[in-house]
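Notes follow once the structure below has been shown.
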Amino acid sequence: MKTEKRYIEVRIADDPSRAGPGVLEGELLTYGERARDRAELFEDGSLHWPEGGVVLNEQHNRQAPIMRFTPTVEGRVLKIKAALPDTQRGRDAATSIRNGTLRGLSVEFRSEREREERGTRRIAKALLAGAGLVDDSSYATAVQVRGRQPKRRRIYV
14 MKTEKRYIEV
24 RIADDPSRAG
34 PGVLEGELLT
44 YGERARDRAE
54 LFEDGSLHWP
64 EGGVVLNEQH
74 NRQAPIMRFT
84 PTVEGRVLKI
94 KAALPDTQRG
104 RDAATSIRNG
114 TLRGLSVEFR
124 SEREREERGT
134 RRIAKALLAG
144 AGLVDDSSYA
154 TAVQVRGRQP
164 KRRRIYV
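Number 30 in this note's numbering belongs to position 17 of the sequence shown; there are no gaps in the numbering.
Structure below.
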């Protein structure tokens, strides 16, 4: 008689030793909104990024990458929603967000087309080259970590 292997799926969201540090959610910027610390704004749809996404690092330090993510756009808001990796940097980022040390996001970009209008730099097209998890941001951004990212594993019986 031939035996067929079947599996059951086990969710391990409540086991801190197995679950990731959580899901990072935040706003990178809102198109058309002026920066708080400089006369600059990104026009609607001005940002584009590589197909493979961009790297999120800590405080714009390329030596401290946290993860790679692909942004999404909801209305006029450029967002991040991605599971933090279960690495030391991912866990440290979650802790720093939860305790309020790092509370914003910042874009790293290369302007490709811009103009000045009434003393404000208006970016019409730019490459989003990366993003930083920062203590204070130029744009009114917010970041949070929600729950733990449930992991699944298959147990064959």
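Note that beta-carbon positions come from the ideal geometry of N, C-alpha and C, so glycine has one too. It should be emphasised that the depicted structure is a prediction, and the values quoted were computed from it without experimental measurement.
Taking the beta strand (DSSP E) that residue i belongs to, which residues open and close that run?
i, result
"A95", "90-96"
"P63", "First-last for P63: undefined, no H or E at that position."
"P78", "74-82"
Measuring only the C-alpha atoms, how far is residue i from residue j?
i, j, result
"E130", "L115", "33 Å"
"R49", "S151", "5 Å"
"L118", "I136", "18 Å"
"A95", "F55", "23 Å"
"E38", "L91", "11 Å"
"R126", "G35", "37 Å"
"F122", "G145", "11 Å"
"H73", "V120", "9 Å"
"V170", "V86", "The predicted model places V170 with a pLDDT of 40, which falls under 50 and marks its position as unreliable; any figure quoted below should be read in that light. Cα-Cα distance, rounded: 43 Å."
"G45", "S59", "10 Å"
"P78", "L69", "6 Å"
"T43", "Q101", "30 Å"
"A153", "G113", "15 Å"
"L41", "D99", "22 Å"
"L3", "R89", "Given a span of 14 to 170 for the chain in the structure shown, any question on residue 3 remains unanswerable."
"D57", "Q76", "31 Å"
Classify residue i: buried if its beta carbon has 16 or more other beta carbons within 10 angstroms, exposed otherwise.
i, result
"E237", "No information on residue 237 is available, as it lies outside the stretch 14 to 170 that the chain covers here."
"T133", "exposed"
"P29", "Bear in mind that the predicted position of P29 carries a pLDDT of just 48, short of 50, making it too unreliable to give a figure here."
"A142", "exposed"
"G33", "buried"
"P84", "buried"
"M80", "buried"
"E64", "exposed"
"A52", "exposed"
"G103", "buried"
Among all the DSSP beta bridges, which residues are the ones paired with residue i?
i, result
"S151", "BP columns for S151 are empty, so no partner."
"A144", "L69, V120"
"R47", "R47 is not bridged to any residue."
"Q157", "E38"
"I136", "F55, E127"
"T85", "K92"
Over the uninterrupted alpha helix (DSSP H) stretch that includes residue i, give me the two end residues.
i, result
"A107", "101-111"
(request) Would you check if the stretch 153-161 and the stretch 108-121 touch, i.e. whether three or more CB-CB distances between them fall below 8 Å? (result) Touching, yes.
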